[in-house]
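Worksheet: one structure, shown below.
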Amino acid sequence: MRSLLALFVGTSLLATPALAQTPWTGGDDLPATPLACDATVKTVAPGPYNGGAPTGAPNRAGKPLRVVDIPKLVGVGYFASTASGIQQAAKETGSMTVTTDGPTKANIDEQVTFIDNYITSGVDGILFAANDPVAIAPVLKRALKAGINVVGYDADAEPDARQWFVNEAEPNGVAKALIDQLASEIGATGSFAIVTSTFTTPNQARWITEMGAYAAKCHPKLKFLETVEAQEDNILSFNQAQTLINKYGDGLKGIVGMTSVATPAASEAVQQNKLCGKMAVVGLALPNAMKPYINGGCIKSTVLWSTVDLGYAAGLALRAVADGTLKPGATSFKAGRLGELSIINQSQILLGAPKVFTKADINDFDF
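Residue numbers (the numbering used here): 522 to 888.
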């Protein structure tokens, strides 16, 4: 009897993937396209246009535009800086009046209500950053049906619910930058957790999926622990980071922040726990928010793009679609001081590759 029990236990242990990593959480269900492990860049044709079109839009070419900018939420530095870029575009064109408005929390129902209200009140154009790509689509389609020009940035909707989307960086490029930087700071076998906004926030979910695929391909010994949600709320982000630190202790070598709120909040948690130099924080954040931690030597880096340029490009794109100079089939877009931007993924304007800011250059940037 004892030998049979031993045989059963031994067989069970062999059948159980005891050493398997936790499945990545927080991503979407779409296939991933991880980049090469080296610096090889592959150019891909944009493909046929798959965006939407406004119904019965009046001729707006060269005419003044009333535009509303409705980001995921207002009152945070990230979207304050994109709004600044949009205003730069409005000033440069001299023919757009832009109002930034939206929820104070990353809530898709509230965002939909804001958009609906502006459709009713009447605007020429809507700029948006989606809290949920599917849930926001019906109200954006109503805007198109009302003849309103619609352009997204930062976080996309379903393609046929808007005309164009200004992509801050391709998801697989963001994933590569984050995972390569993480591995360089915590080592090839380090363990880490992720603090994101919500599991339905489209850009973050896509980044997490691509991170999992790229890590499996290029850094297979990294140990993923879990993803937690923090709603792009500073206090909740700090508390979630603190919970991860308490939960895993020395078993946690790094935290990846997927939002401009989560990354500095996690850095503050690491600093308060006197873990500087022992635990890394790698993530997406405004340079200004990370300067105290990077200049102070607690955190080594932050990853982002120019959020001001992102808003600027989106504002110019809205003006261009209203003028009819940005049309389906375009392969590039002239974006003022940014020069010629590539069209990718059928109806997306690519801002460029993400940048890693370190102590060597972070003070050269002010946003």
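Using N, Cα and C, we set each Cβ at its ideal position, and we do this for glycine too.
Got a sec? Which residues, its chain only, sit under 7 angstroms from residue i by beta carbon, not counting five neighbours each side?
i, result
"Thr852", "Pro567, Ile864"
"Ala734", "Ala553, Pro555"
"Asp645", "Arg581, Leu586, Arg587, Val588, Ile669, Asn670, Ala843"
What does residue i pair with, by DSSP beta-bridge criteria?
i, result
"Arg587", "Thr618"
"Gln869", "Phe686, Ile865"
"Glu753", "In the DSSP output, where bridge partners are listed per residue, Glu753 has none listed."
"Lys876", "Leu825"
"Gly775", "Phe713, Ala801"
By a C-beta neighbour count over all protein chains shown, 10 Å radius and 16 as the cutoff for buried, is residue i buried or exposed?
i, result
"Thr576", "exposed"
"Val655", "exposed"
"Thr722", "buried"
"Thr697", "The identity of residue 697 in the sequence shown is Lys, whereas the question assumes Thr. With 16 or more other Cβ atoms within 10 Å, it is buried."
"Gly818", "exposed"
"Ala650", "buried"
"Pro579", "exposed"
"Arg840", "buried"
"Pro692", "buried"
"Ala754", "Going by the sequence as given, residue 754 is Asp instead of Ala. Asp754 is buried by the Cβ-count criterion."
"Ala574", "exposed"
Do you know whose CA, among the options, lies nearest residue i's CA?
i, options, result
"Val565", "Leu871, Ala714, Met779, Val829", "Leu871"
"Asp653", "Gly673, Asn809, Asp677", "Asp677"
"Cys558", "Ala841, Gln702, Ala667, Lys612", "Gln702"
"Gln793", "Leu859, Gly772, Ala810, Ala762", "Ala762"
"Thr879", "Leu665, Met811, Ser605", "Met811"
"Ile883", "Ile629, Leu859, Trp826", "Trp826"
"Gln684", "Leu661, Gly857, Pro544, Ile700", "Leu661"
"Val687", "Gly548, Ala786, Gly606, Gly598", "Gly606"
"Tyr769", "Ile591, Gly711, Glu689", "Gly711"
"Ile715", "Gln725, Glu706, Ala709, Gly708", "Gln725"
With a CB to CB cut of under 8 angstroms and the five nearest residues on each side skipped, what residues in its chain are close to residue i?
i, result
"Gln867", "Pro567, Gly568, Pro569, Tyr570, Asn571, Gly572, Pro680"
"Leu551", "Arg727, Thr730"
"Pro741", "none"
Determine the DSSP secondary structure at residue i, reduced to helix, strand or coil.
i, result
"Tyr674", "strand"
"Lys855", "strand"
"Thr764", "helix"
"Thr641", "helix"
"Glu691", "coil"
"Glu679", "coil"
"Lys744", "strand"
"Val633", "helix"
"Ala801", "strand"
"Phe886", "coil"
"Leu648", "strand"
"Phe759", "helix"
"Lys612", "helix"
"Trp728", "helix"
"Val929", "The first residue shown for the chain is 522 and the last is 888, placing residue 929 beyond what the model contains."
"Asn580", "coil"
"Pro813", "helix"
"Cys819", "coil"
"Ile707", "helix"
"Ser781", "coil"
"Val562", "coil"
By Cβ distance, which residues of its chain are closer than 6 angstroms to residue i, with the 5 residues on each side in sequence left out?
i, result
"Ala820", "The question names Ala, but residue 820 in the sequence shown is Ile. If we look at Ile820 and ignore the five residues flanking it on each side, its Cβ neighbours are Ser788, Val802, Tyr814."
"Gly804", "Val777, Gly778, Thr784"
"Phe886", "Pro808"
"Ile624", "The sequence given here has Pro at residue 624, not Ile. Within the same chain, Pro624 has close Cβ partners Leu594, Glu631, Gln632."
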